[in-house]
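Comments concern the structure below.
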Amino acid sequence: MGPRLRRQPVEEVQVSAPASAWDDHDTRPAEATASRSAEVYEELRRAIVEGRIRPNERLIETELAERLSVSRTPIRESIQRLAADGLVESRRRGWVVREHSAQEIQEIYEVRAALEGFAARLAAQRATDDMLSNIAAIHSNYIRELEHSTRDHMVRHNDEFHDAIIAAAGNTRLAEQIRRSRDYYVIHRITGFLTDEDVRTSLAGHQELIDALLARDPDKAELVARTNVLSGLDKTLARLL
Numbered sequence: 001m002g003p004r005l006r007r008q009p010v011e012e013v014q015v016s017a018p019a020s021a022w023d024d025h026d027t028r029p030a031e032a033t034a035s036r037s038a039e040v041y042e043e044l045r046r047a048i049v050e051g052r053i054r055p056n057e058r059l060i061e062t063e064l065a066e067r068l069s070v071s072r073t074p075i076r077e078s079i080q081r082l083a084a085d086g087l088v089e090s091r092r093r094g095w096v097v098r099e100h101s102a103q104e105i106q107e108i109y110e111v112r113a114a115l116e117g118f119a120a121r122l123a124a125q126r127a128t129d130d131m132l133s134n135i136a137a138i139h140s141n142y143i144r145e146l147e148h149s150t151r152d153h154m155v156r157h158n159d160e161f162h163d164a165i166i167a168a169a170g171n172t173r174l175a176e177q178i179r180r181s182r183d184y185y186v187i188h189r190i191t192g193f194l195t196d197e198d199v200r201t202s203l204a205g206h207q208e209l210i211d212a213l214l215a216r217d218p219d220k221a222e223l224v225a226r227t228n229v230l231s232g233l234d235k236t237l238a239r240l241l
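Its first residue numbered 1, the sequence shown is counted upward by one per residue in the numbering used here.
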């Protein structure tokens, strides 16, 4: 295990409640209960990835249940799923959001590089012309709007761009594994440290990837996608340690 990152200050959990609330007793049909558990899981996952629930912050079932207007059952089920995802861990008879070490961050990036590289390879082989046009359009639209973009917009653009490539790969299991590999607070947080030069480098990498896809060159597409992911690893470690 590598060195631990600096601990983040504990903040109050800011999780928005779902649009509607349920009775605190699990007397609903099984389908409704499963649906609610899935919604609670997604809400908590987003809160962790986006930093609204911070590393080392405790997850208290009763407080989360009250905040989300649900019983403790979907909270408990969601926390178990988050633990399986590697986002929370058991500590002192409770659950806390995991703080990842430098070694773990490196492993996360290496897995992302392998998965996204293979997705780019498949996209170069399988994407329709319309899919490739859409990928190029996403990139062009972002460049036009760049001057007025916020950090959150950068995150959304980056996700939209890569999601389009992943969709073009035509492999749902691969898409799910990539989603899991991106669901870490450290990846979301690093956007707050991006410099103008970082943004230019990222956009150049995106354009190079588009060129490889349009050329239907799977080897080049995979190499560029892997390089784009790994190029951010050293900067990420330097800025978070």
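Backbone N, C-alpha and C fix where the C-beta goes; we use that ideal spot for every residue, glycine too.
Closer than 8 angstroms by C-beta to residue 243: which residues in its own chain qualify, once you throw out the five before and the five after it? Chain order, please.
Residue 243 is absent from the structure shown; the chain starts at 1 and stops at 241.
Quick one: complete alpha helix (DSSP H) runs, 4+ long, within the stretch 43 to 81?
Complete alpha helix (DSSP H) runs here, min 4: 61 to 68.
What whole-angstrom Cβ distance do residue 84 and residue 217 have, given they're in contact under 8 angstroms?
Actually they are not in contact, since the Cβ atoms of residue 84 and residue 217 sit about 37 angstroms apart, beyond 8 angstroms.
When DSSP labels each residue in this structure, what does residue 216 get in the three-state scheme?
Of the three classes helix, strand and coil, the one that applies to residue 216 here is coil, per DSSP.
Are the Cβ atoms of residue 56 and residue 99 separated by less than 8 angstroms?
Closer than 8 angstroms, so yes.
Buried or exposed for residue 36, please, with buried defined as at least 16 other CB atoms from any protein chain shown within 10 angstroms of its CB.
Classification of residue 36: buried, given that the 10 Å Cβ count is 16 or more.
So what's residue 147 in DSSP terms, helix, strand or just coil?
DSSP places residue 147 in helix when its eight states are reduced to three.
Flag this pair as yes or no: are the beta carbons of residue 170 and residue 122 separated by less than 8 angstroms?
Yes.
Pick from 65, 149 and 97: whose alpha carbon is nearest that of residue 88?
Nearest C-alpha to residue 88: 97.
Buried or exposed: which applies to residue 92, given that a residue is buried once 16 or more other Cβ atoms fall within 10 Å of its Cβ?
Result: exposed.
Would you kindly work out how many angstroms separate the C-alpha atoms of residue 142 and residue 212, rounded to a whole number?
Cα-Cα distance, rounded: 19 angstroms.
I'd like to check one pair, residue 72 with residue 62: are the Cβ atoms closer than 8 angstroms?
Yes, these two residues count as a Cβ contact at 8 angstroms.
Going straight from the alpha carbon of residue 166 to that of residue 116, what length do you get?
Computed Cα separation, rounded: 8 angstroms.
Looking only at its own chain, which residues have a Cβ that is under 6 angstroms from the Cβ of residue 208, when we skip the five neighbours before and after it?
So the list reads 224, once near-sequence residues are dropped.
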